[in-house]
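Written below as structure tokens is the structure these notes are about.
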Amino acid sequence: MATSTYNLIASQVVGSGGASSITFSSIPGTYTDLKVVYSTRTSDSATDKGMFVQFNGDTTSSYTYKFLRGNGSAAGSGGTTTTLLYFGNFPGGGSTASTFGNGEFYIPNYTSGNYKSVSADSVSENNATAAWDTLVAGLWSKTNAITSILLYPEGGNFVQYSTFYLYGINNS
Amino acid sequence: MADVVDINCETKEVTTRPQTAEEIAAAEAAAAQAAADAKAKADADAAAAAAKASAEAKLAALGLTVEEIAALSK
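Keeping their order, the protein sequence lines are chains A and B. Using my numbering, the letters of the first sequence correspond one by one to residues 5 to 176. Using my numbering, the letters of the second sequence correspond one by one to residues 268 to 341.
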């Protein structure tokens with residue numbers, strides 16, 4: 005059996021000015037799967053905001069997701085077909101200071117000619133009540149190989165020290 | 268204004284530039300559309316759940332047991 009590999013393709017730590025979005029571009033097609041791991045907080049004043057993702061600059065209604073989430077006292081589910089993927093919430097200015105949420109999403113066979121499925125899980129850490137834990141099943145209904153990934157917050161900007169890591173995986 | 272950050276995975280070059288007005292408008296529109304889509308789905312699910320509960324109540328009023336009502340949807 006071939007040995008699996010797990011390689012860091014690129015990473016980014018947000019600087020003092022914040023970032024309205026993060027894009028991994030020119031992603032090489034030399035792996036079988038991709039994985040993105042992030043730790044984020046938004047400058048928006050809300051308790052938490054959603055993480056939005058698009059592939060290859062596609063802003064058409066080609067994304068479908070279903071989510072399950074709970075925060076210790078409430079639970080919910082939902083989903084839709086729209087212009088982006090939603091991967092759960094992460095803390096904003098209304099959350100406990102200096103807390104960052106974290107999440108990751110996995111894209112198998114990102115260069116295939118089929119539609120691209122994505123699985124994601126995330127937590128909106130708050131060091132208090134009402135921190136959401138979210139699981140998401142997503143689909144990008146396009147047959148193109150994924151060559152770029154855009155991440156941006158539902159509101160506000162990614163604050164300083166938010167981090168993003170893109171891994172390429174072979175023989176998983 | 269926070270920057271748009273692009274990480275070129277081949278060259279490892281990181282490019283930062285201010286977000287354009289068009290990008291801000293597009294992001295806001297996408298967020299609004301996503302929220303509207305999610306609300307529409309939630310409203311539809313709630314309406315379906317309400318219709319199901321109403322139907323079950325009417326069946327119960329006709330004398331069907333809980334087991335009989337459940338059997339109708341299997």
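No residue lacks a Cβ here, since even glycine has one placed at the ideal position from N, Cα and C. In this text the structure is predicted, and so the values were computed from the model without any measurement.
| Asked | Found |
| --- | --- |
| Partners in chain B for A:Leu72, counting only beta-carbon separations shorter than 7 Å | Within chain B, no residue comes near A:Leu72; the closest Cβ sits about 14 Å away, beyond 7 Å. |
| Simplified DSSP state of B:Ala327, which is helix, strand or coil | helix |
| Residue interval of the alpha helix (DSSP H) (run including B:Val333) | Val333 to Leu339 |
| Buried versus exposed call for B:Ile291 [16 or more other C-beta atoms within 10 Å across all chains shown] | exposed |
| C-beta neighbour in chain B for A:Tyr156, strict 9 Å | yes |
| Residues that A:Phe28 contacts on chain B, provided the C-beta gap is smaller than 7 Å | Ile274 and Cys276 |
| Among A:Ser102, A:Ser121, A:Gly98 and A:Gly117, the one whose alpha carbon lies nearest that of A:Phe109 | A:Ser121 |
| Helix, strand or coil at B:Lys308 [DSSP, three-state] | helix |
| Residues near A:Thr167 by beta carbon distance below 6 Å, same chain, minus five either side | Val17 and Ser43 |
| Minimum Cβ-Cβ distance from B:Glu289 to chain A less than 9 Å | no |
| Separation of A:Pro95 from A:Ala23, as counted between CA atoms | 15 Å |
| Cβ-based burial, A:Pro157 [other Cβ within 10 Å; buried from 16] | buried |
| Sequence-distant residues of its chain with Cβ nearer than 6 Å to A:Ser8 (five each side left out) | Asn175 and Ser176 |
| is_contact[A:Asn161, chain B] using C-beta, thresh 9 Å | yes |
| Residue span of the beta strand (DSSP E) that contains A:Thr138, given as start and end | Asp137 to Trp144 |
| Identity of the residue in A:Thr34, A:Tyr90 and A:Thr64 nearest A:Asp125 by Cα | A:Tyr90 |
| Reference A:Gln58, options A:Ser20, A:Ser66 and A:Thr36, closest by Cα | A:Ser66 |
| For A:Leu139, the nearest candidate out of A:Thr133, A:Gly21, A:Ala79 and A:Ser49 (CA to CA) | A:Ala79 |
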